[in-house]
Amino acid sequence: MRTLLGSLSLSVVLTVGLAGVASATPPNIPTETTARSELASLTVAPDGSMTGYSRDKFPHWITISGSCNTRETVLKRDGTNVVTDSYCAATSGSWYSPYDGATWTLASDVDIDHVVPLAAAWRSGASSWTTSQRQAFANDLSYPQLIAVTDNVNQAKGDQTPATWKPPLSSYWCTYAKMWTHVKYKYSLRVNSAEKSALLSMLNYC
13 MRTLLGSLSL SVVLTVGLAG VASATPPNIP TETTARSELA SLTVAPDGSM TGYSRDKFPH
73 WITISGSCNT RETVLKRDGT NVVTDSYCAA TSGSWYSPYD GATWTLASDV DIDHVVPLAA
133 AWRSGASSWT TSQRQAFAND LSYPQLIAVT DNVNQAKGDQ TPATWKPPLS SYWCTYAKMW
193 THVKYKYSLR VNSAEKSALL SMLNYC
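Written out as structure tokens, the structure is:
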């Protein structure tokens with residue numbers, strides 16, 4: 013595996029993710045040029061089987077710091093004026109969802125999306141990972157894999173790839189394709205041909 017799975021421990025990955033200033037966007041979104049280069053290097057192959065898949069095989073929303081888990085950490089990172097209680101639950105703030113352009117003031121209206129869904133990762137290589145590798149992927153704060161978005165939009169996306177689902181706002185397609193490609197590249201995941209074609213098309217919006 014490349015950088016993340018080859019040499020970094022989960023603790024290092026999570027620590028790096030917390031080091032920066034709060035931002036409305038995930039970290040390390042590549043340039044269009046870098047994304048195109050990374051996409052060109054990905055292995056193109058049909059999706060693997062879903063046999064054996066379970067979300068439980070990707071332990072997520074683990075404790076990051078104090079009483080804050082991954083979801084709460086991303087809510088604070090991606091929100092504006094977020095206030096939390098002693099349990100790290102967001103009690104107020106606002107969240108702009110770049111997928112659909114909506115702004116929410118209740119944390120319960122916001123989901124933390126895995127940009128590359130867990131099931132999509134399973135079909136493209138994660139089925140052979142260890143549990144610790146899947147945990148690192150599911151809680152990755154160092155790469156553009158987690159983002160706060162409208163809950164209904166996230167639920168509509170499900171485990172689909174860009175071949176069958178894109179953010180409602182076409183103005184975000186470029187960024188979304190760059191994030192998706194970068195995550196697949198960093199984790200040495202495959203893409204299928206329809207997925208690659210969709211990503212190339214979305215990068216044309218840059």
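Residue 218 is where the sequence shown ends in the numbering used here, and the numbering goes up by one at each step. Backbone N, C-alpha and C define an ideal beta-carbon position, used for all residues, glycine too.
- Note on tyrosine 99: under 16 other CB atoms within 10 angstroms of its CB, so exposed under the neighbour-count rule.
- DSSP lists Thr162 as the beta-bridge partner residues of valine 122.
- Inter-segment contact for the region 71 to 90 and the region 53 to 60 is absent: fewer than three beta-carbon pairs are separated by less than 8 Å.
- The closest CA to that of threonine 187, considering only Gly170, Leu211, Tyr197, Gln172, is found on Leu211.
- Closest option to tyrosine 155, judged by alpha-carbon separation, among Lys196, Glu207, Thr117, Ser77: Lys196.
- In the three-state DSSP reduction, cysteine 80 falls in the strand class (E or B).
- Proline 110 places its beta carbon less than 9 Å from that of leucine 181.
- With a cutoff of 9 Å on beta-carbon distance, isoleucine 41 and methionine 191 are scored as near each other.
- In this chain, tryptophan 141 is not harboured by any alpha helix (DSSP H), its DSSP state being neither H nor E.
- A residue is called buried once 16 or more other Cβ atoms fall within 10 Å of its Cβ, and alanine 168, having fewer, is exposed.
- Counting only residues of its own chain and dropping the five nearest sequence neighbours on each side, valine 94 has a CB closer than 6 Å to the CB of Lys88, Ala102, Gly105.
- Within the region 43 to 82, complete alpha helix (DSSP H) segments of at least 4 residues are found at 44 to 53, given in chain order.
- Check the Cα spacing between serine 139 and each of Arg48, Ser66, Tyr217: the tightest is with Ser66.
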